[in-house]
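J.: First to last, the sequence lines map onto chains A and L. Note that the first sequence covers residues 83 to 192 in our numbering. Note that the second sequence covers residues 92 to 205 in our numbering. Glycine residues also receive a C-beta, built at the ideal position from the N, C-alpha and C atoms. Values in this document were obtained by computation on a predicted structure and should not be read as measured data.
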Amino acid sequence: EDKVVQSPLSLVVHEGDTVTLNCSYEVTNFRSLLWYKQEKKAPTFLFMLTSSGIEKKSGRLSSILDKKELFSILNITATQTGDSAVYLCAVGGATNKLIFGTGTLLAVQP
Amino acid sequence: DAMVIQNPRYQVTQFGKPVTLSCSQTLNHNVMYWYQQKSSQAPKLLFHYYDKDFNNEADTPDNFQSRRPNTSFCFLDIRSPGLGDAAMYLCATSRWTGNNSPLHFGNGTRLTVT
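1) In terms of residue numbering, what span does the beta strand (DSSP E) encompassing I136(A) cover?
2) Tell me which residue opens and which closes the beta strand (DSSP E) that D144(L) is part of.
3) According to DSSP, is D168(L) part of a helix, a strand, or is it coil?
4) Is D153(L) helix, strand or coil by DSSP?
5) Considering only residues of the same chain and omitting the five flanking positions on each side of K149(A), which have a CB-CB separation below 6 Å?
6) Taking CB distances under 9 Å as the criterion, tell me whether K179(A) reaches chain L.
7) Residues bridged to H195(L) by DSSP?
8) Are the C-beta of K135(L) and some C-beta of chain A separated by less than 9 Å?
9) Taking only three categories from DSSP, how would you classify T110(A)?
10) Just to confirm the assignment, what range does the beta strand (DSSP E) spanning R201(L) have?
11) Check whether the region 136-149 of chain A and the region 181-190 of chain A touch, using three or more Cβ-Cβ pairs below 8 Å as the test.
12) Could you tell me whether the Cβ of F155(L) comes closer than 9 Å to any Cβ of chain A?
13) Determine contact between the region 170-188 of chain L and the region 121-134 of chain L, defined as no fewer than three beta-carbon pairs at a distance below 8 Å.
14) Around the C-beta of K119(A), are 16 or more other C-beta atoms found within 10 angstroms, so that it is buried, or is it exposed?
15) Using only alpha-carbon positions, find the residue among I96(L), I169(L), V122(L) that is nearest to S115(L).
16) For chain A, find out if any of its Cβ atoms is closer than 9 Å to the Cβ of V103(L); answer yes or no.
17) Please classify V86(A) as buried or exposed, where buried requires at least 16 other C-beta atoms within 10 Å of its C-beta.
18) Suppose the cutoff is 6 Å on Cβ atoms and the five residues either side in sequence are ignored; what does the same chain contact list for G174(A) look like?
19) Along the chain, where does the beta strand (DSSP E) that runs through A167(A) open and close?
20) Only counting the same chain, and skipping five residues up and downstream in sequence, which positions put a Cβ closer than 8 Å to that of P134(L)?
21) Can you grab the Cα-Cα spacing for the pair H120(L) / T162(L), in whole Å?
22) According to DSSP, what are the bridge partners of Q191(A)?
23) Of the choices S92(A), I136(A), E83(A), C105(A), whose alpha-carbon is the least far from that of A172(A)?
24) My understanding is that F145(L) touches S157(L), with C-beta atoms under 8 Å, so please give their C-beta distance in whole angstroms.
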């Protein structure tokens with residue numbers, strides 16, 4: 083059965099810290115891995131990764147995929163309180179639907 | 092400007108009373124999805140439309156139905172809501188069904204069943 087596992091489940095840091103969120107997967111015929119940020123509303127798209135070893139970067143956020151070890155990480159540097167959210171990882175495989183992990187709840191304290 | 096719009100943001104219904112949630116999009120995307128997300132859980136796909144073709148997930152209860160009268164609009168009908176159907180319902184769109192086409196979500200409708 084396809085599955086996506088995120089860790090940690092929750093994380094509390096202080097402003098300015100750097101955090102690394104993890105996503106591992108077991109999916110038949112992997113096609114893509116996506117990261118979303120969800121505040122108290124709908125998820126917003128962050129990155130889509132399809133190739134190993136190529137870092138995607140947007141401001142203080144970056145992500146990379148390892149298709150051999152079947153995982154991805156999302157890094158956030160110099161965290162701000164506005165980064166507080168649930169970060170969802172989703173993976174597309176043989177079927178056309180995305181399989182979501184349960185997310186990592188990040189709380190950034192002032 | 093919002094591109095995937097869900098109405099209402101909050102919906103309260105009574106046990107067993109039919110309810111309809113709506114979603115519209117200005118992206119002209121081919122695919123529209125409905126997800127159910129319960130507290131602290133991952134979004135769960137209920138069904139999707141590729142254009143007019145309806146695709147139901149195998150484990151979606153019959154209590155949940157959907158309509159897509161045109162490209163822009165899609166509705167989720169819950170025929171007889173139970174307490175267990177209380178959740179956030181997320182509408183999403185994508186240009187294609189291929190997994191290289193990111194989903195664009197609306198802000199969701201939070202459903203309460205009393």
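T.: Result, derived from the coordinates:
1) Counting along the chain, I136(A) falls outside any beta strand (DSSP E), and DSSP gives it neither H nor E.
2) 144-147
3) strand
4) coil
5) S134
6) yes
7) T184(L)
8) yes
9) coil
10) 200-204
11) no
12) no
13) yes
14) buried
15) I96(L)
16) no
17) buried
18) R113, S114, L180
19) 167-174
20) Y126, Q127, Q128, L181
21) 8 Å
22) H96(A)
23) C105(A)
24) 7 Å
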